[in-house]
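S.K.:
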DNA sequence: TAGTGGTCTAGACCACGAC
DNA sequence: TCGTGGTCTAGACCACTAT
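Residue numbers (the numbering used here), protein chains in the order written: chain B, 1 to 221; chain D, 222 to 442.
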């Protein structure tokens with residue numbers, strides 16, 4: 001039996017593609033962000049297809065950022081690329097995240113500082129150990145790295161270099177960001193120098209592609 | 222039977238993750254770009270796993286840009302993130318591509334100009350039709366849009382805004398860039414103003430994440 | 001304990017590409 | 001014709017979540 005909301009077995013289009021279209025239409029018409037979709041086995045019954053088909057359709061939709069699958073709970077509708085944030089260039093990570101309204105927490109691991117912008121970005125910062133004695137012991141939980149460097153060491157960022165590319169989330173980064181591995185991510189590699197020209201900071205930041213945007217103003221030379 | 226290059230059935234790691242590691246090691250050690258990997262059914266026999274496992278591993282590797290699956294032919298090794306290029310900010314597309322040593326060809330489609338940086342980037346440019354009478358008829362095959370705008374209309378870019386995010390390649394863009402759909406891509410949305418403040422150009426550029434990098438120098442305000 | 005998504009098996013038929 | 005990857009079925013067991 002085939003109807004307007006079912007799978008057409010005579011179509012040349014694969015079942016999972018048909019199902020994707022059905023689900024997208026359903027989500028856009030009837031679901032809000034955070035809504036729980038029917039379970040995979042229920043979709044099997046509803047659309048009379050095997051779980052392989054349902055999982056391929058939902059897997060594609062997850063890769064496209066429309067839904068999020070959570071083991072043991074279900075499949076949720078996510079925001080649809082609407083919640084972009086802003087990162088001003090020439091700002092430190094903490095400042096730019098705060099400016100965008102995000103809470104920033106950080107953990108200090110030896111001389112490695114790892115910031116976690118609430119399931120948004122992942123960051124690895126490397127600082128020359130010689131320049132910053134005692135930095136590893138400092139409480140950075142709710143302070144900017146730049147604030148600490150300025151107040152404790154008198155070093156302020158003056159210029160820097162940023163390299164931006166797109167990459168697929170590694171499984172480790174995906175875990176930190178609570179996003180599917182392989183999902184597109186913005187990767188920003190950064191070097192910062194003080195006014196004296198001392199190269200004092202290097203970091204690599206990973207941003208979820210579906211929730212982040214990097215914006216800058218440019219002028220002619 | 223388990224050996225150094227096989228699947229460990231006692232491991233907590235899923236078979237497809239183990240197989241991914243095995244294949245990545247094999248590719249990095251023994252394969253060159255363009256090489257044909259063993260078929261899926263041969264991998265099933267070699268590693269004593271079902272085709273589901275092999276397909277999940279190869280599907281992940283394709284999403285990560287390491288291999289390319291071709292129906293009826295097989296699975297090929299692709300280039301591995303080595304060929305990054307540079308795009309200077311505050312430059313037009315043509316200039317930045319040329320600076321990076323790329324050949325730029327373009328097609329004029331009505332008032333739409335589409336540049337194709339030899340399987341590297343895809344670009345859509347929108348210009349206000351009122352400001353540029355006759356632009357659609359001009360030969361832009363090997364000229365910069367900015368060159369034409371300056372020589373024919375006396376308009377020069379002075380300032381602009383860039384928004385950069387990461388996205389998955391749509392199947393259409395993937396076709397143009399000869400890359401797998403879903404692969405991470407850098408998306409740059411750009412607005413350019415003349416010295417008089419006239420907003421005269423808007424474009425969206427899609428760059429393959431595995432071959433492109435966007436670099437900029439920043440200074441403290 | 002019951003339900004969910006994650007992983008896996010052992011098959012099957014298909015369209016496509018090379019021969 | 002034969003081998004390839006693409007799609008699909010009908011099961012199974014698992015870890016995780018909630019109650």
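All residues carry an ideal CB built from backbone N, CA and C; glycine is no exception.
All values derive from a computational prediction rather than experimental measurement.
Measure the C-alpha to C-alpha separation of residue 70 of chain B and residue 181 of chain B and round it to an integer number of angstroms.
M.R.: If I take the Cα positions, the gap works out to 13 Å.
S.K.: Pick helix, strand or coil for residue 174 of chain B, following the three-state DSSP scheme.
M.R.: helix
S.K.: Quick test of your reading: residue 298 of chain D and residue 253 of chain D, contact by CB under 8 Å. State the CB separation rounded to the nearest angstrom.
M.R.: Cβ atoms of residue 298 of chain D and residue 253 of chain D come within 8 Å of each other, at about 7 Å.
S.K.: Taking the CB atoms as reference points, tell me whether residue 27 of chain B and residue 18 of chain B lie closer together than 8 Å.
M.R.: no
S.K.: Helix, strand or coil for residue 280 of chain D? Go by DSSP, reduced to three states.
M.R.: helix
S.K.: Which stretch, first to last residue, makes up the beta strand (DSSP E) that contains residue 290 of chain D?
M.R.: 288-291
S.K.: My assumption, with CB atoms under 8 Å, is that residue 167 of chain B sits in contact with residue 405 of chain D. Please give the rounded CB distance.
M.R.: 5 Å
S.K.: Give the straight-line distance between the Cα atoms of residue 266 of chain D and residue 281 of chain D, rounded to the nearest whole angstrom.
M.R.: About 20 Å.
S.K.: Distance check for residue 57 of chain B and residue 83 of chain B, CA to CA, integer angstroms please.
M.R.: Legend: pLDDT at residue 83 of chain B = 24, less than 50; position of this residue unreliable, no value from coordinates given.
S.K.: List, in order along the chain, the chain B residues whose C-beta lies closer than 7 Å to that of residue 388 of chain D?
M.R.: Ordered by position in chain B, the residues that pass the 7 Å Cβ test against residue 388 of chain D are 184, 209.
S.K.: List the residues of chain B whose Cβ lies closer than 7 Å to the Cβ of residue 248 of chain D, in chain order.
M.R.: Correct list: empty, because the minimum Cβ distance to chain B is about 16 Å.
S.K.: Ignore the nearest five residues each way along the sequence and tell me which others in residue 50 of chain B's own chain have a CB closer than 7 Å to its CB.
M.R.: 44
S.K.: Beta-carbon within less than 6 Å of residue 386 of chain D's beta-carbon, same chain only, minus the 5 sequence neighbours each way: which residues are those?
M.R.: 408
S.K.: Hey, how far is the Cα of residue 21 of chain B from the Cα of residue 10 of chain B?
M.R.: 16 Å
S.K.: Quick one: which chain D residues come within Cβ less than 8 Å of residue 63 of chain B?
M.R.: By Cβ distance, chain D contributes 284, 389, 403.
S.K.: Work out the CA separation of residue 235 of chain D and residue 48 of chain B for me, nearest whole Å.
M.R.: 29 Å
S.K.: Excluding the 5 residues preceding and the 5 following residue 62 of chain B in the sequence, name in chain order all residues of the same chain whose CB lies nearer than 6 Å to its CB.
M.R.: 69, 180
S.K.: Residue 385 of chain D CB to nearest chain B CB: under 8 Å?
M.R.: Chain B, which has a Cβ nearer than 8 Å to the Cβ of residue 385 of chain D, makes this yes.
S.K.: Following the continuous beta strand (DSSP E) through residue 296 of chain D, name the residue where it begins and the one where it ends.
M.R.: 295-298
S.K.: Mapping DSSP to helix, strand and coil, what is residue 390 of chain D?
M.R.: coil
S.K.: Would you kindly work out how many angstroms separate the C-alpha atoms of residue 73 of chain B and residue 258 of chain D, rounded to a whole number?
M.R.: 38 Å
S.K.: Please classify residue 209 of chain B as buried or exposed, where buried requires at least 16 other C-beta atoms within 10 Å of its C-beta.
M.R.: buried
S.K.: Could you give the residue range of the alpha helix (DSSP H) that holds residue 26 of chain B?
M.R.: For residue 26 of chain B, the enclosing alpha helix (DSSP H) starts and ends at 15-30.
S.K.: Starting from the beta carbon of residue 256 of chain D, find every residue of chain B whose beta carbon is closer than 7 Å, and list them in chain order.
M.R.: Residues of chain B passing the Cβ test: none, with the nearest at roughly 21 Å.
S.K.: Can the beta-carbon of residue 25 of chain B be found less than 8 Å from the beta-carbon of residue 40 of chain B?
M.R.: no
S.K.: Which residue or residues does DSSP assign as beta-bridge partners of residue 257 of chain D?
M.R.: D/297
S.K.: Does the beta carbon of residue 41 of chain B come closer than 8 Å to any beta carbon on chain D?
M.R.: no
S.K.: Where DSSP assigns a beta bridge to residue 48 of chain B, which residues make up the other side?
M.R.: In DSSP, residue 48 of chain B forms no bridge with anything.
S.K.: Give the residues of chain B in contact with residue 281 of chain D, contact being defined as C-beta atoms less than 7 Å apart.
M.R.: 182
S.K.: From residue 478 of chain D to residue 251 of chain D, what does the alpha carbon distance come to, in whole angstroms?
M.R.: The question about residue 478 of chain D has no answer here: the residues shown for chain D are numbered 222 through 442.
S.K.: To the nearest angstrom, how far is the alpha carbon of residue 255 of chain D from that of residue 42 of chain B?
M.R.: 43 Å
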